[in-house]
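If you're matching them up, the sequences are chains A and B in order. So the first sequence is residues 26 to 464, counted in the working numbering. So the second sequence is residues 13 to 323, counted in the working numbering.
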Amino acid sequence: MKLKKMLFAAVSAGAMMLANPSFAATELSVQRFFGACDADFGTNTDPTKAVGECGIITSLINKFNADNPDVHVNVTTVEWPGYDQLTAQFASGDAPDIVTIHESVLSDYQSKGLLMPLDDLLKSVGVTPDAFTDAARNGATKDSKIYGLPIDSWTMLYHVNMDLFKQAGLVSADGTPIFPKSPEELLAQAEQFKQKTGKPYFVQNLTNETALYTRNLYTYLFQQDSDFFADPKHVKLNTPEAKKVVEMYKAIFEKGYTTKDLDYGGSINAFLAGEGGVHLNGTWVVGDYNAQSETKGTALNKGGYAVYPYPQLFGGTHAQYADGHTWAVSQKDRTPEQIAAIGKFLKFFADNDFEWSRTGHLPAYKAVITSDAFKALPHRNTISAVADLGKPLPSAVQRQFAIQDIIGEEMSAAISGQKDVDTALADMESRVNELLANI
Amino acid sequence: MVDRLAMSPTATLAVGARTPTADIYAPQWRNFIFVAPFLFFFTTLLLFPLLWGMWLSFHKADTFSSGNFVGFGNYVRLYHDKVFLQSIWNTFYFVLLTVPTLALIGLFLALCLNRRTRTAAVLRTLFFSSSVLSVTIVTLIWRIVFIPNVGLLSTIYGWFGATAPAFISDPNLAMVGIAIATIWWCIGLPMMLFLSALQQIPQDIYEAAALDNANRWQTLRSITLPSIKRTFILVIIIQIVLQFQLFGQAWLMTRGGPNNLTKPIVLYIYDTAFRRWDLGLGAAASEILFILILIAAMAQYLVTRSRGDQA
Numbered sequence: 026m027k028l029k030k031m032l033f034a035a036v037s038a039g040a041m042m043l044a045n046p047s048f049a050a051t052e053l054s055v056q057r058f059f060g061a062c063d064a065d066f067g068t069n070t071d072p073t074k075a076v077g078e079c080g081i082i083t084s085l086i087n088k089f090n091a092d093n094p095d096v097h098v099n100v101t102t103v104e105w106p107g108y109d110q111l112t113a114q115f116a117s118g119d120a121p122d123i124v125t126i127h128e129s130v131l132s133d134y135q136s137k138g139l140l141m142p143l144d145d146l147l148k149s150v151g152v153t154p155d156a157f158t159d160a161a162r163n164g165a166t167k168d169s170k171i172y173g174l175p176i177d178s179w180t181m182l183y184h185v186n187m188d189l190f191k192q193a194g195l196v197s198a199d200g201t202p203i204f205p206k207s208p209e210e211l212l213a214q215a216e217q218f219k220q221k222t223g224k225p226y227f228v229q230n231l232t233n234e235t236a237l238y239t240r241n242l243y244t245y246l247f248q249q250d251s252d253f254f255a256d257p258k259h260v261k262l263n264t265p266e267a268k269k270v271v272e273m274y275k276a277i278f279e280k281g282y283t284t285k286d287l288d289y290g291g292s293i294n295a296f297l298a299g300e301g302g303v304h305l306n307g308t309w310v311v312g313d314y315n316a317q318s319e320t321k322g323t324a325l326n327k328g329g330y331a332v333y334p335y336p337q338l339f340g341g342t343h344a345q346y347a348d349g350h351t352w353a354v355s356q357k358d359r360t361p362e363q364i365a366a367i368g369k370f371l372k373f374f375a376d377n378d379f380e381w382s383r384t385g386h387l388p389a390y391k392a393v394i395t396s397d398a399f400k401a402l403p404h405r406n407t408i409s410a411v412a413d414l415g416k417p418l419p420s421a422v423q424r425q426f427a428i429q430d431i432i433g434e435e436m437s438a439a440i441s442g443q444k445d446v447d448t449a450l451a452d453m454e455s456r457v458n459e460l461l462a463n464i
Numbered sequence: 013m014v015d016r017l018a019m020s021p022t023a024t025l026a027v028g029a030r031t032p033t034a035d036i037y038a039p040q041w042r043n044f045i046f047v048a049p050f051l052f053f054f055t056t057l058l059l060f061p062l063l064w065g066m067w068l069s070f071h072k073a074d075t076f077s078s079g080n081f082v083g084f085g086n087y088v089r090l091y092h093d094k095v096f097l098q099s100i101w102n103t104f105y106f107v108l109l110t111v112p113t114l115a116l117i118g119l120f121l122a123l124c125l126n127r128r129t130r131t132a133a134v135l136r137t138l139f140f141s142s143s144v145l146s147v148t149i150v151t152l153i154w155r156i157v158f159i160p161n162v163g164l165l166s167t168i169y170g171w172f173g174a175t176a177p178a179f180i181s182d183p184n185l186a187m188v189g190i191a192i193a194t195i196w197w198c199i200g201l202p203m204m205l206f207l208s209a210l211q212q213i214p215q216d217i218y219e220a221a222a223l224d225n226a227n228r229w230q231t232l233r234s235i236t237l238p239s240i241k242r243t244f245i246l247v248i249i250i251q252i253v254l255q256f257q258l259f260g261q262a263w264l265m266t267r268g269g270p271n272n273l274t275k276p277i278v279l280y281i282y283d284t285a286f287r288r289w290d291l292g293l294g295a296a297a298s299e300i301l302f303i304l305i306l307i308a309a310m311a312q313y314l315v316t317r318s319r320g321d322q323a
């Protein structure tokens, strides 16, 4: 009799589990860039022990899975930036639930109705847009609605090898690097650097690259108050301001003040091996470079590593190009459980933005950027300024990654001497306008 | 299929005289069942996309919507697009760099390795082995060779205190770099085709030549090369059609740079349709590529037909 009762109880419990889907974990598909590092962090659930973009994001998602047994996140890692794949996924109706999208790209997908507005969902989990920094809120807002949970603001920076700067006599009495205040001063300091160290002032990835060129141009156009995208459908790049910037980079290239044939990976290796003074790279490497500088025997450990915003070289407003990363949610029919799971995931990242800010990116939340913990992180005293300096393109400008490719291609041609500067600027302008006119 | 249907009246008569119900060649609707699977895939995977592509090329369409009819607007845009014209030239330049080289090196290797020794067998396998690799692996290998500062080429040049040529970033060398990787990758097929042609030349012709005291050069010029002429043309045409479709190597090694100098037509199509979402323009460029490949295929048909007539 007892046995019979136990059997009934077991069968009933089993039937209930089968009947009630809440016992099964809700599956969420998450797609992201930031690289793959499962060998190092695949099982780590403690984000505080991770370094770098890849390590921290992998550990954060691991922690989310561990903390939320009712939700299971399946991660697909794509090569940066992954938009070709995402576009194909959207076109075939197979988009991931949650996906990393740059603020500058949100409007491409949002304008096609492919992304879910997140205002209500975020409100339901206690995340309100007034908690975001101004830059993050503006970047994630399209047509007065939030279309991505901002996780950071990023920009390009001057990563400095202090040992070589000391050798070049470019360090002031208080130990800070001396930066130029005009294009002429930049060329003079680069020459001095080359004479004293025998190495180029800049480490740049100029091969297989378009983004770096474009971000440099945007920054120095902002610094000249050039309103080149006054009309989001029509760019003005064949201007004296743009010419000044391209000619400056052309002089840097021709006079050997930069590394020349390196791709992105090669430029990182070159900087870490001490082959140049200033690496033009983003906020995302601050954590990694700082870790290198603390490792004995490395080029950055020799005389130290410093990192600063781009110097102000022109007479306009102090500004530099900035963008940000967000988690966007694809538009599709979902069960209340799935929507709740997405809400949990977004809330988790909002709550853990400090861990993400250890990468070097600037936090997307006021509470984090003003916190003592963030300020105590290395180099944040010098780079926090970009929270105010950072300036994106107007959010109504579509196809910003395609525009970036066109500008980068033409700048590369002008700088390396394949085209004269005027022709390159004219081609750049007409190609971008042709693209925008046909959206 | 066409031949069989054409035969059917005669067959009906011949068979009908004996057993009137056993006409297997008579046109019957149930026979459609046998070709239906093929027709289904042919229509859905080939014919429909082909016609849809043509339709798209006359529309202003993006990845998520097909917009207004623009007539030949997309073709006019292509005509004025310097990058597209550059990509056509790049494709022809790449074909010019690779096809003759593949044919000549393939022939040379086949002549050297056309013997029954173990070394020749090992070398044949070795030269063919690169063909089994995927484009990703091939470009990875050649990037490791070409990459500045730490690459194999840089290391070797470094031993002599010289700077290695920048095969990935130099505007004059980037396409040559892609061509080198492609030749290394594709050399197996021409070599094998030439080997099989060489082995079909009757041995007695060589014996007759030897009796006539012909030297090796005379034998090569008067017997070997004329005998494999048709294979030579076949190799050239196959390689033209293959190399016209260059995509993976250029995308993975140079991303089409520097300044679009290594951007082939297929990469232009990919860039336009999937990265800029300008599907109409991408479809129009695809139609141009279709016409170019059609011309190559027609040339192949005409050449092989006229050869066949002569034979």
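Note that the Cβ used here is the ideal one computed from N, Cα and C, for glycine as well.
query, result
"Interface flag, residue 110(A) vs chain B, CB-CB below 7 Å", "no"
"Where residue 361(A) falls: helix, strand or coil (DSSP)", "helix"
"Residue 71(A) in three-state terms, based on DSSP", "coil"
"6 Å CB neighbourhood of residue 440(A) in its chain, flanking five on each side removed", "274, 275 and 278"
"Reduced DSSP secondary structure (H/G/I, E/B, other) of residue 168(A)", "coil"
"Test item: CB-CB of residue 259(B) and residue 279(B) under 7 Å", "yes"
"Spatial neighbours of residue 107(A) in its chain, beta-carbon cut-off 6 Å, leaving aside the 5 residues before and after", "58"
"Cβ shell of residue 46(A) (< 6 Å), same chain only, five flanking positions each side left out", "Note that residue 46(A) has pLDDT 45, beneath the 50 cutoff, so the model's placement of it is unreliable and the number below is only indicative. Answer for residue 46(A): no residue qualifies."
"Secondary structure of residue 71(B), DSSP reduced to three states", "strand"
"DSSP-derived helix/strand/coil call for residue 129(A)", "helix"
"DSSP bridge partner residues for residue 345(A) (one or two, in chain order)", "415(A)"
"Residue 396(A), DSSP secondary structure in three states", "coil"
"Given residue 156(B) as reference, the closest of 179(B), 117(B) and 292(B) once Cα atoms are compared", "179(B)"
"Same chain, Cβ closer than 6 Å to residue 51(A), five either side skipped, listed in chain order", "96, 362, 363 and 366"
"Chain-ordered chain A contacts of residue 290(B) [CB-CB under 7 Å]", "463"
"Simplified DSSP assignment, three categories, for residue 92(B)", "helix"
"Selection from 392(A), 306(A), 410(A) and 383(A) that minimises the alpha carbon distance to residue 403(A)", "383(A)"
"Residue 307(A) - containing beta strand (DSSP E), residue span", "303 to 307"
"Strand pairing of residue 333(A), partner residues [DSSP]", "183(A)"
"Reference residue 60(A), options 76(A), 71(A) and 221(A), closest by Cα", "76(A)"
"DSSP-derived helix/strand/coil call for residue 266(A)", "helix"
"Reduced DSSP category for residue 352(A) - H, G, I as helix; E, B as strand; rest coil", "strand"
"Spatial distance of residue 169(A) from residue 226(A) (CA atoms)", "44 Å"
"Proximal residues of chain A, C-beta to C-beta of residue 311(B) below 9 Å", "Result: empty, since nearest Cβ-Cβ is about 34 Å, beyond 9 Å."
"Residues that residue 272(B) contacts on chain E, provided the C-beta gap is smaller than 9 Å", "Considering every chain present, this structure includes no chain E. Its protein chains are A and B."
"Closer than 7 Å to chain B by CB, residue 239(A)", "no"
"Minimum length 4: unbroken alpha helix (DSSP H) runs contained in the stretch 421 to 461 of chain A", "425 to 440"
"Bridge-paired residues (DSSP) for residue 99(A)", "54(A)"
"Distance, residue 167(B) Cα to residue 224(A) Cα", "20 Å"
"Neighbour-count burial assignment, residue 66(A), 16 or more Cβ in a 10 Å radius", "buried"
"When 122(A), 408(A), 213(A) and 81(A) are compared against residue 355(A), the one with the closest alpha-carbon", "122(A)"
"Residue 151(A) versus residue 82(B): straight-line alpha-carbon distance, rounded", "49 Å"
"Status (buried if at least 16 other CB within 10 Å, exposed otherwise) for residue 150(B)", "buried"
"Cross-chain neighbours of residue 291(A) in chain B, by beta carbon under 8 Å", "159, 160, 161 and 162"
"Closer than 9 Å at the beta carbon, the chain B residues around residue 355(A)", "In chain order: nothing, as chain B lies at least about 13 Å away."
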